[in-house]
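Letter 375 of the sequence shown, counting from 1, is numbered 375 in the UniProt record's numbering, and no numbers are missing.
Glycine included, C-beta positions come from ideal geometry on N, C-alpha and C.
Predicted, not measured: the structure shown is a model, and the values here were computed from it.
A quick write-up on the structure given underneath.
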Amino acid sequence: MTVPEFDLEEIAARASADAGGVPARWLGEYLPLLAQVSRTQGHLDGAALARMRECGETAARDGIPLRAVIDVHLSATWLAWPTLPGIVGARRAQELRSAGEAIFRAADRSAGALVEGYEGAQRLEIRREEAVRREFVDDLLQGRGDLGTVVERAGRFGLRLAAAHLVCVAEAGRPFHDGGPVARHVEAAMDVRDVLIATKDGLLVCVAPGHADGVSEAFAARVRQALGGEESLRVGVGRAHEGPGGVVRSFDEARSVVEFGRLLELEQEVLYASELLVLQVLLRDRAAIAELVEAVLGPLRAARGGPATLLETLFAYFASGAVATATASRLHVGVRTVTYRLGRIQRLTGYDLGQPIQRHALETATLGARLLGWPGAQSSPGT
């Protein structure tokens, strides 16, 4: 009886064809390893497994699908079986069984090493891509780096920075992270073209074309959906500005209005920079607003216990539309208490809430006090 010849090249070619044309070179040293194991009935050693992991890593870097690599190895296994030395040379059933067990054990460990190498290379590439993306996002939102380089890199992420863009940011009860479930959900669910979803300083950021309609509403809805309605949410929307510098401006505006909303306890979930420009104007001259706050509200320091309670009452009063009953409800006190405090404020400051100009001065000073953190450490949003 003629013994079949173990022809490496022929088996590799047939395996390639059986696997749909996957190049035979992705078998690496698999067939010689199978032949050796069939003769010795031993295990693949560390060096052999390392070579299979390296094969998987190379396939991943070259963009070969993992399924294709496994397919060609499985095809090679069953095609090589009849001519493997250990199978051909078996004289008894026990010898054939032992050789078969060793071959399948080697095939299993080899496939595991291939997958391990492939997935390791993929994880490394993902981390590299994440680092490149993180660096780009930081440069884009902070206006860092060479402008031409930023514009060139932007195309890789679907942004055409010559056009106008607007930025939305979301702030919740806990920080957002790159690759987190909320970021992934929002990125997958946004049905607007050329949108970049990223995180920055715990905020979830959406950079979108300025001409796109409904972006802020869609972004807020997707974030709310991802959070499941269990957390507080505030979304800031900057104005659309042109060019790479426009993205920085819009991001700063969006981040500022989120902080305005938090400091001023605004009830709206979505806040627009275009509607809160007066607050940004208010803080452009910090020295002037600090002087106004001190001049108008400084006398409240003479109140028993300090100005905090009276300042809180003023803030609630203006936030409630200057209605005493609504103010009382907001502060969880009686209406008479609110009336007494408002009278006390008028006596200490000399400003009459019934006079439009004086009332406007009190309201502006109250907003300024909240934004500056008066009478404690004075700091403005974004600092």
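Are the CB atoms of residue i and residue j nearer to each other than 8 angstroms?
{"i": "residue 239", "j": "residue 273", "result": "yes"}
{"i": "residue 37", "j": "residue 106", "result": "yes"}
{"i": "residue 215", "j": "residue 292", "result": "no"}
{"i": "residue 205", "j": "residue 169", "result": "yes"}
{"i": "residue 207", "j": "residue 247", "result": "yes"}
{"i": "residue 316", "j": "residue 330", "result": "yes"}
{"i": "residue 319", "j": "residue 265", "result": "yes"}
{"i": "residue 345", "j": "residue 310", "result": "yes"}
{"i": "residue 271", "j": "residue 236", "result": "yes"}
{"i": "residue 342", "j": "residue 353", "result": "yes"}
{"i": "residue 99", "j": "residue 117", "result": "no"}
{"i": "residue 102", "j": "residue 96", "result": "no"}
{"i": "residue 203", "j": "residue 171", "result": "yes"}
{"i": "residue 31", "j": "residue 49", "result": "no"}
{"i": "residue 194", "j": "residue 209", "result": "yes"}
{"i": "residue 220", "j": "residue 190", "result": "no"}
{"i": "residue 22", "j": "residue 62", "result": "no"}
{"i": "residue 121", "j": "residue 60", "result": "yes"}
{"i": "residue 328", "j": "residue 334", "result": "yes"}
From the DSSP output, which residues share a beta bridge with residue i?
{"i": "residue 164", "result": "242"}
{"i": "residue 270", "result": "235"}
{"i": "residue 277", "result": "Answer is none; residue 277 lacks a bridge partner."}
{"i": "residue 93", "result": "In DSSP, residue 93 forms no bridge with anything."}
{"i": "residue 169", "result": "205, 236"}
May I have the straight-line CA-CA distance separating residue i from residue j, to the nearest angstrom?
{"i": "residue 75", "j": "residue 255", "result": "57 angstroms"}
{"i": "residue 110", "j": "residue 261", "result": "58 angstroms"}
{"i": "residue 68", "j": "residue 182", "result": "33 angstroms"}
{"i": "residue 192", "j": "residue 133", "result": "20 angstroms"}
{"i": "residue 198", "j": "residue 159", "result": "13 angstroms"}
{"i": "residue 34", "j": "residue 150", "result": "51 angstroms"}
{"i": "residue 15", "j": "residue 187", "result": "40 angstroms"}
{"i": "residue 337", "j": "residue 314", "result": "13 angstroms"}
{"i": "residue 258", "j": "residue 56", "result": "47 angstroms"}
{"i": "residue 365", "j": "residue 297", "result": "7 angstroms"}
{"i": "residue 232", "j": "residue 58", "result": "46 angstroms"}
{"i": "residue 144", "j": "residue 243", "result": "14 angstroms"}
{"i": "residue 17", "j": "residue 24", "result": "9 angstroms"}
{"i": "residue 19", "j": "residue 65", "result": "12 angstroms"}
{"i": "residue 180", "j": "residue 227", "result": "12 angstroms"}
{"i": "residue 385", "j": "residue 347", "result": "Beyond the ends of the chain as shown, which are 1 and 383, falls residue 385; an answer cannot be given."}
{"i": "residue 211", "j": "residue 164", "result": "7 angstroms"}
{"i": "residue 269", "j": "residue 135", "result": "30 angstroms"}
{"i": "residue 108", "j": "residue 250", "result": "55 angstroms"}
{"i": "residue 125", "j": "residue 161", "result": "26 angstroms"}
{"i": "residue 41", "j": "residue 94", "result": "12 angstroms"}
{"i": "residue 131", "j": "residue 51", "result": "29 angstroms"}
{"i": "residue 285", "j": "residue 275", "result": "19 angstroms"}
{"i": "residue 363", "j": "residue 375", "result": "16 angstroms"}
{"i": "residue 306", "j": "residue 300", "result": "7 angstroms"}
{"i": "residue 410", "j": "residue 358", "result": "Outside the modelled stretch of the chain, which goes from 1 to 383, sits residue 410, for which no answer is possible."}
{"i": "residue 312", "j": "residue 277", "result": "24 angstroms"}
{"i": "residue 213", "j": "residue 241", "result": "15 angstroms"}
{"i": "residue 119", "j": "residue 128", "result": "14 angstroms"}
{"i": "residue 92", "j": "residue 44", "result": "24 angstroms"}
{"i": "residue 137", "j": "residue 154", "result": "9 angstroms"}
{"i": "residue 29", "j": "residue 123", "result": "24 angstroms"}
{"i": "residue 53", "j": "residue 73", "result": "13 angstroms"}
So, is residue i buried or exposed, given that buried needs 16 or more other C-beta atoms within 10 angstroms?
{"i": "residue 26", "result": "buried"}
{"i": "residue 11", "result": "buried"}
{"i": "residue 223", "result": "buried"}
{"i": "residue 340", "result": "exposed"}
{"i": "residue 252", "result": "buried"}
{"i": "residue 295", "result": "exposed"}
{"i": "residue 381", "result": "Since pLDDT at residue 381 reaches only 42, below the 50 mark, its modelled position is unreliable, and the value read off the structure follows with that caveat. Answer is buried; the Cβ neighbour count reaches 16."}
{"i": "residue 302", "result": "exposed"}
{"i": "residue 332", "result": "exposed"}
Taking 8 angstroms as the threshold (beta carbon to beta carbon), is residue i in contact with chain B?
{"i": "residue 294", "result": "Although the question refers to chain B, the structure presented lacks it and comprises just one protein chain."}
Threshold first: 3 residues or longer. Then list the beta strand (DSSP E) segments lying entirely within the stretch 178-222, N to C.
196-200, 203-209, all fully within the stretch 178-222.
At 4 residues or longer, what runs of the alpha helix (DSSP H) sit wholly inside the UniProt domain "PucR C-terminal helix-turn-helix" (310-365)?
324-331, 335-349
As an exercise, report each continuous alpha helix (DSSP H) stretch of at least 4 residues that is fully enclosed by the stretch 41-93, in chain order.
Listed in chain order, they are 46-61, 66-80, 85-88.
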